[in-house]
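Data first, discussion second: the structure below is written as structure tokens.
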Amino acid sequence: MKKSIALAFDDLKEKYSGTLLSAHALKIQSYAPDLAKSIAGLILSADDSIFQHECFSILGLQLGSIEQDSVENRIKDKIISAIDMNDSKARQLRCREPAAFLFGDDPIQEHESMLDECEQGEEEDYTLMDF
């Protein structure tokens, strides 16, 4: 059931990309237009035509009549796409990590209680295997 819910949630995120982002991702995403404008300015003002050609190739743009707005928009779209992907990956990792402790005892808590008992000066003998 958990897997079907996760798949349905992933489907919603694909259909409505950008709306189900974390607050941190939304904050980072707000900087995308300014960053895209700066990068586009650097690319378009470069004197090295090979560098420009490689950048346009990476962006999927054809040489010819390239305008600042089209370069900015393409860069902004790529930045936002990367933020979306990283946010969903981070969310998946956060969901997986605590899953091991959902239905079992917390070994960290057990370890801490054993240490507390040792510190209280109880006379019982503990070995390394107890921890």
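In my numbering, the protein residues as written are 17 to 147. Backbone N, C-alpha and C define an ideal beta-carbon position, used for all residues, glycine too. Computed from a predicted structure; not experimentally measured.
Less than 7 angstroms separating the beta-carbons of residue i and residue j?
| i | j | result |
| --- | --- | --- |
| residue 82 | residue 48 | no |
| residue 91 | residue 52 | yes |
| residue 88 | residue 56 | yes |
| residue 41 | residue 103 | yes |
With distances taken from CA atoms, which of the options is nearest residue i?
| i | options | result |
| --- | --- | --- |
| residue 85 | 97, 37, 50 and 39 | 50 |
| residue 101 | 23, 43 and 37 | 37 |
Identify whether residue i lies in helix, strand or coil by the three-state DSSP scheme.
| i | result |
| --- | --- |
| residue 45 | helix |
| residue 80 | coil |
| residue 64 | coil |
| residue 75 | helix |
| residue 117 | Residue placement at residue 117 cannot be trusted, given a pLDDT of 46 that sits under 50; what the coordinates show is reported in the next sentence. Note: residue 117 maps to helix in three-state DSSP. |
| residue 51 | helix |
| residue 20 | helix |
| residue 97 | helix |
| residue 28 | helix |
| residue 104 | helix |
| residue 38 | coil |
Does the Cβ of residue i lie closer than 6 angstroms to at least one heavy atom of the ligand ZN?
| i | result |
| --- | --- |
| residue 95 | The model depicted lacks the ligand ZN and carries no ligand whatsoever. |
Near residue i, which residues of its chain fall below 7 angstroms by C-beta distance, leaving aside the five closest residues on each side in sequence?
| i | result |
| --- | --- |
| residue 79 | 69 and 72 |
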